[in-house]
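**Student:** Numbering (our numbering), first residue to last: 51 to 486.
Ideal Cβ positions, reconstructed from N, Cα and C, are used throughout, including at glycine.
Being a predicted model, the structure only gives us computed values, none of them experimental.
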């Protein structure tokens with residue numbers, strides 16, 4: 051009997067399927083060996099910027115530089131890229147006291163001292179200034195308005211700087227098409243109200259979908275905010291299906307980002323012409339709180355209406371935040387068995403379902419409830435128990451074998467899709483999955 055696998059904590063977790071189940075697609079993508087270091091790739095990309103001149107032609111030795119760095123929710127090899135970039139800036143005459151590192155958190159929590167040390171390392175800790183962005187700070191500076199009218203404010207360090215560089219990762223994103231690029235500004239260093247208004251207005255608009263940048267209003271407005279904020283340059287990582295850095299792209303926040311998105315699509319996009327009864331997906335590489343919901347997107351796209359998604363997930367720290375679980379409990383009570391109606395009503399009114407919960411929790415809540423209006427989800431995790439899975443609206447199994455056995459009783463002759471790394475795949479279907 052053939053063995054299959056999903057990625058779990060960076061290791062292959064093997065399993066078997068019932069003999070009566072037929073696999074439609076096994077997205078265990080072929081991966082070429084990466085034979086360059088991250089720093090080598092950074093240097094190559096800086097020598098070949100996309101859409102901008104070379105840094106040496108853009109930065110003056112007297113310039114104050116702010117480097118925006120994404121947070122713990124992204125796989126970016128921050129220390130390696132930052133070290134290589136700072137040494138490159140030194141060759142241009144930029145000294146440590148001219149550099150600020152700003153962690154572009156969006157609405158996420160601040161980095162701990164240990165996390166900051168992990169990014170900066172002993173090489174730069176105590177030598178280069180750093181700070182965590184606060185989306186609710188009263189010191190944020192206005193730079194313009196959204197198309198929907200809301201005022202956009204950003205961290206004052208960007209206003210004070212002469213040059214602004216964003217570090218991030220080009221990874222599939224359920225609304226923006228791809229992460230990285232201009233998202234380091236919006237939501238990275240923007241104000242909460244603008245982030246809320248933007249997300250609510252465009253989250254499920256036509257074009258706001260995984261792996262798509264064309265006619266994507268969610269992404270287009272992010273680019274406009276990056277333009278208003280005068281983002282000068284980006285350095286972004288591109289990955290293969292094992293979360294290994296495949297390439298680094300540098301240059302203009304939209305042009306270089308689009309090139310990175312093209313490279314990512316070549317690595318992770320798979321054309322599909324048929325949905326399955328059951329999809330088995332790993333949440334890999336996501337393991338942080340609400341981020342583990344993201345792989346439900348591609349898994350749901352690949353699953354029939356009324357089908358089942360088996361999601362395997364590990365959670366950093368061994369548990370989900372209580373506030374996330376409470377947000378889901380509150381929303382499911384409000385939904386009264388119709389989660390789609392609840393989400394669409396709140397989005398139509400420009401409101402958050404749980405206003406006291408963080409924005410990323412609300413985004414995870416909205417999209418997960420929409421997925422649950424289409425498929426059943428069984429969570430397999432050693433870090434989330436049966437009761438907490440139920441609070442999320444999920445079924446539960448302590449092992450993948452037990453989940454498969456449970457579903458096989460309900461669907462003896464299932465057609466199956468397998469997503470070994472659910473967060474690192476872009477399913478290309480004939481039609482975009484719509485919830486409106």
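(1) Relative to the C-alpha of residue 317, which residue among 333, 329, 328, 294 is closest?
(2) Within 10 angstroms of its Cβ, does residue 147 collect 16 or more other Cβ (buried), or is it exposed?
(3) Count the CB pairs spanning the stretch 427 to 441 and the stretch 359 to 370 that are closer than 8 Å, and state whether there are at least three.
(4) If you draw a straight line from the alpha carbon of residue 120 to that of residue 218, how long is it in whole angstroms?
(5) Where does residue 206 fall in DSSP's three states?
(6) Just to confirm my understanding: we take residue 197, look at its own chain, exclude 5 residues before and 5 after, and list those with CB closer than 7 Å. What are they?
(7) When you compare each of 410, 421, 215, 308 to residue 391 by their alpha carbons, which one comes out closest?
(8) Under a Cβ-count criterion, where at least 16 other Cβ atoms within 10 Å of its own Cβ denotes burial, should residue 87 be classed as buried or exposed?
(9) Give every residue of the same chain whose Cβ lies closer than 8 Å to the Cβ of residue 105, excluding the five residues on either side of it in the sequence, and list them in chain order.
(10) What is the C-beta distance between residue 235 and residue 281, in whole angstroms, given that I count them as a contact (C-beta under 8 Å)?
(11) Which of the three DSSP states is assigned to residue 469 in this structure?
(12) Closest to residue 199 by C-alpha separation, out of 338, 400, 450, would be which residue?
(13) For residue 267, which of 227, 394, 426 has the nearest alpha-carbon?
(14) Find out if the Cβ-Cβ distance for the pair residue 204, residue 279 is shorter than 7 Å.
(15) Please determine if the stretch 306 to 315 and the stretch 334 to 344 are in contact, where contact requires at least 3 C-beta pairs separated by less than 8 Å.
(16) Would you call the CB atoms of residue 155 and residue 324 closer than 7 Å?
(17) Where does residue 80 fall in DSSP's three states?
(18) Just tell me which of 151, 417, 439 has its CA closest to the CA of residue 371.
(19) Between which residues of its own chain and residue 347 is the CB-CB distance below 6 Å, once the five residues before and five after are set aside?
(20) Assign residue 137 to one of three DSSP states: helix, strand, or coil.
(21) Under 6 Å Cβ to Cβ from residue 341, same chain only, skipping five residues before and after it: list those, please.
(22) Under a three-way DSSP split, which group does residue 358 fall into?
(23) Ignore the nearest five residues each way along the sequence and tell me which others in residue 157's own chain have a CB closer than 8 Å to its CB.
(24) Mind checking who residue 223 pairs with in its DSSP beta bridge?
(25) Going by C-alpha to C-alpha distance, which of 478, 373, 450, 213 sits closest to residue 64?
(26) DSSP three-state call for residue 432: helix, strand or coil?
(27) Helix, strand or coil, according to DSSP, for residue 56 in the structure here?
(28) Just to confirm, is the Cβ distance from residue 116 to residue 150 under 7 Å?
**Tutor:** For this structure:
(1) Residue 317 sits at position 267 when you count from the first residue of the chain shown. Nearest option by C-alpha distance: 294.
(2) The residue given as residue 147 occupies position 97 in the chain shown. Label assigned to residue 147: exposed.
(3) Touching, per the Cβ criterion.
(4) Residue numbering aside, residue 120 sits at position 70 when the chain shown is read from its first letter. Residue numbering aside, residue 218 sits at position 168 when the chain shown is read from its first letter. Cα to Cα, the separation comes out at about 6 Å.
(5) Locating residue 206 in the chain shown gives position 156, counting from the first residue. Secondary structure of residue 206 (DSSP, three-state): helix.
(6) To locate residue 197, count along the chain shown from 1; it is residue 147. Here the set comprises 271.
(7) By one-based count along the chain shown, residue 391 stands at place 341. Out of 410, 421, 215, 308, 421 has the C-alpha closest to the C-alpha of residue 391.
(8) Counting from 1 along the chain shown, the entry for residue 87 is found at position 37. An exposed status is given to residue 87, since fewer than 16 other beta-carbon atoms sit within 10 Å of its beta-carbon.
(9) Residue numbering aside, residue 105 sits at position 55 when the chain shown is read from its first letter. So the qualifying residues of the chain are 96, 99, 138, 139, 142, 283.
(10) Locating residue 235 in the chain shown gives position 185, where the first residue counts as 1. Locating residue 281 in the chain shown gives position 231, where the first residue counts as 1. About 5 Å; that satisfies the 8 Å criterion.
(11) On the chain shown, position 419 is the one that residue 469 refers to. Correct three-state label for residue 469: strand.
(12) Along the chain shown, read from residue 1 onward, the residue named residue 199 stands at position 149. In this structure, 400 is the residue among 338, 400, 450 with its C-alpha nearest to the C-alpha of residue 199.
(13) Against the chain shown, residue 267 aligns to sequence position 217. Distance check between residue 267 and each of 227, 394, 426 places 227 closest, using alpha-carbon atoms only.
(14) In the chain shown, the residue the question calls residue 204 occupies position 154. In the chain shown, the residue the question calls residue 279 occupies position 229. Going by C-beta atoms, residue 204 is nearer than 7 Å to residue 279.
(15) Contact between the stretch 306 to 315 and the stretch 334 to 344 is absent, because fewer than three Cβ pairs lie under 8 Å.
(16) In the chain shown, the residue the question calls residue 155 occupies position 105. In the chain shown, the residue the question calls residue 324 occupies position 274. Taking 7 Å as the Cβ cut-off, residue 155 and residue 324 do not qualify as a contacting pair.
(17) Start at 1 with the first residue of the chain shown, and residue 80 comes out as number 30. Three-state DSSP puts residue 80 in coil, outside helix and strand.
(18) Here the question's residue 371 lines up with position 321 in the chain shown. Considering only alpha carbons, the answer is 439.
(19) Taking the chain shown and counting its residues from 1, one reaches residue 347 at position 297. When the five nearest sequence neighbours on each side are left out, the beta carbons in the same chain lying within less than 6 Å of the beta carbon of residue 347 are those of 224, 260, in order along the chain.
(20) Here residue 137 corresponds to residue number 87 of the chain shown, with the count starting at 1. Helix, per DSSP.
(21) Translated into the one-based positions of the chain shown, residue 341 becomes position 291. The answer, listed in chain order, is 123.
(22) Taking the first residue of the chain shown as position 1, residue 358 is located at position 308. Residue 358: strand per DSSP, three-state reduction.
(23) The sequence position of residue 157 within the chain shown is 107, counting from 1. The residues are 185, 237, 242, 245, 408, 409, 410.
(24) The count along the chain shown starts at 1 and reaches residue 223 at position 173. For residue 223, which the question treats as bridged, DSSP gives the partners 227.
(25) As a working note, residue 64 is residue 14 in the chain shown. Ranking 478, 373, 450, 213 by Cα distance to residue 64 puts 450 first.
(26) Position 382 of the chain shown, counting from 1, holds the residue named residue 432. The answer is coil: DSSP assigns residue 432 none of H, G, I, E or B.
(27) Along the chain shown, read from residue 1 onward, the residue named residue 56 stands at position 6. In this structure, DSSP gives residue 56 an extended state, which the three-state scheme calls strand.
(28) Translated into positions along the chain shown, residue 116 becomes position 66. Translated into positions along the chain shown, residue 150 becomes position 100. In contact: residue 116 and residue 150 (Cβ atoms closer than 7 Å).
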